[in-house]
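J.: This is the structure I want to talk about, given as structure tokens.
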Amino acid sequence: MTKMMIDMGIRPSGDVDADFVAMMVPHHQGAIEMAKAELRYGRNEPLRRMAQEIIVTQLQEITAMRLSLGQPLPPSVPSPDQIPTAAMSDSKFE
């Protein structure tokens, strides 16, 4: 894992959990940016639907990883106690 971190420009902390999140968040953010490009410029409807799903799931995973380490969420991401109960039963939050 150290080689991957160095290749990504991330200095290993010695805490495997924190290092995992430090590497995965930029990876997920890259996937989100690629998906946004597909939505903006892509014409293939199945790929556009997939891009929409990628954005939702990657944001959820970033949130889950940060919460697992007790890290604060960015202002644009609602904390779990801000999500209405009805929305929590929606499949995208499961």
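According to my numbering, the sequence shown is numbered sequentially starting from 36. From the three backbone atoms N, C-alpha and C, an ideal C-beta is built for every residue, glycine too.
#1: Please classify E68: is it buried, with 16 or more other beta-carbons within 10 angstroms of its beta-carbon, or exposed?
#2: Helix, strand or coil: how does DSSP classify V51 here?
#3: Under 8 Å by Cβ, that's how I've got M100 and M59 pegged, so tell me the actual separation to the nearest angstrom.
#4: Pick from L102, V51, L74: whose alpha carbon is nearest that of I90?
#5: Terminal residues of the continuous alpha helix (DSSP H) containing S111?
T.: Quick answer:
#1: With fewer than 16 other Cβ atoms within 10 Å, it is exposed.
#2: V51 falls in the helix class under three-state DSSP.
#3: Approximately 6 Å separates the beta-carbon atoms of M100 and M59; this is inside 8 Å, confirming the contact.
#4: L74
#5: Looking at the DSSP string, S111 is not in any alpha helix (DSSP H), and its letter there is neither H nor E.
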